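Visitor: So the sequence shown is numbered by the numbering used here: it starts at 42 and just counts up by one.
My questions will all concern the structure given below.
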Amino acid sequence: MTEYGGRRNQAERDAITVEIGYALCSAAFAAAVVFGTVAGPAFVFDVSAAVRSVLLGSGATVAAVVFFARVVSVLMRFRRPDQPSQPGRTNPDS
Numbered sequence: 042m043t044e045y046g047g048r049r050n051q052a053e054r055d056a057i058t059v060e061i062g063y064a065l066c067s068a069a070f071a072a073a074v075v076f077g078t079v080a081g082p083a084f085v086f087d088v089s090a091a092v093r094s095v096l097l098g099s100g101a102t103v104a105a106v107v108f109f110a111r112v113v114s115v116l117m118r119f120r121r122p123d124q125p126s127q128p129g130r131t132n133p134d135s
């Protein structure tokens with residue numbers, strides 16, 4: 042993104058699309074692993090209905106938090122670069 046506040050070219054739009062796709066896929070994978078880890082014992086072991094309910098609810102909650110945290114962390118790394126410290130000066134030699 043070479044121009045501050047300007048339009049993005051096709052390569053920049055493609056890069057953003059790929060980054061969003063990566064963020065969503067990696068977040069879904071991480072959430073699935075966390076859900077399986079937390080709620081998995083409810084399916085593997087013979088537990089009561091109350092314990093099963095707690096494990097499934099906890100797994101879903103933690104998985105949702107992990108999903109959103111992963112998406113935000115990936116997309117924050119891909120932000121626009123900071124604007125110049127002196128407005129109106131875009132060239133470092135100015």
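Using N, Cα and C, we set each Cβ at its ideal position, and we do this for glycine too.
All figures in this text were calculated on a predicted structure; none of them were measured in a lab.
Enumerated in chain order, which unbroken segments of the beta strand (DSSP E) with a length of 3 residues or greater are wholly contained in the segment 69-97?
Guide: Counting whole runs of 3 or more residues, the segment 69-97 contains no beta strand (DSSP E) stretch at all.
Visitor: For Phe70, does the count of other Cβ atoms within 10 angstroms reach 16, so buried, or fall short, so exposed?
Guide: Residue mapping note: residue 70 aligns to position 29 of the sequence shown, counting from 1. With fewer than 16 other Cβ atoms within 10 Å, it is exposed.
Visitor: Can you check whether the CB of Val85 is closer than 7 Å to the CB of Ala104?
Guide: Along the sequence shown, one-based indexing puts residue 104 at 63. Along the sequence shown, one-based indexing puts residue 85 at 44. Cβ atoms of Ala104 and Val85: not closer than 7 Å.
Visitor: Check whether the Cβ atoms of Val106 and Ala64 sit closer than 7 Å, and answer yes or no.
Guide: By one-based count along the sequence shown, residue 106 stands at place 65. By one-based count along the sequence shown, residue 64 stands at place 23. No.
Visitor: Distance, Cα to Cα, Phe119 vs Val92?
Guide: For the purposes of this step, residue 119 is identified with residue 78 of the sequence shown, where counting begins at 1. For the purposes of this step, residue 92 is identified with residue 51 of the sequence shown, where counting begins at 1. Distance between the alpha carbons of Phe119 and Val92 is about 41 Å.
Visitor: Apply the 10 Å Cβ neighbour rule to Gly98 and answer buried if 16 or more other Cβ atoms are within range, or exposed otherwise.
Guide: Walking along the sequence shown from the start, residue 98 turns up at place 57. Counting Cβ neighbours within 10 Å, Gly98 comes out exposed, since fewer than 16 surround it.
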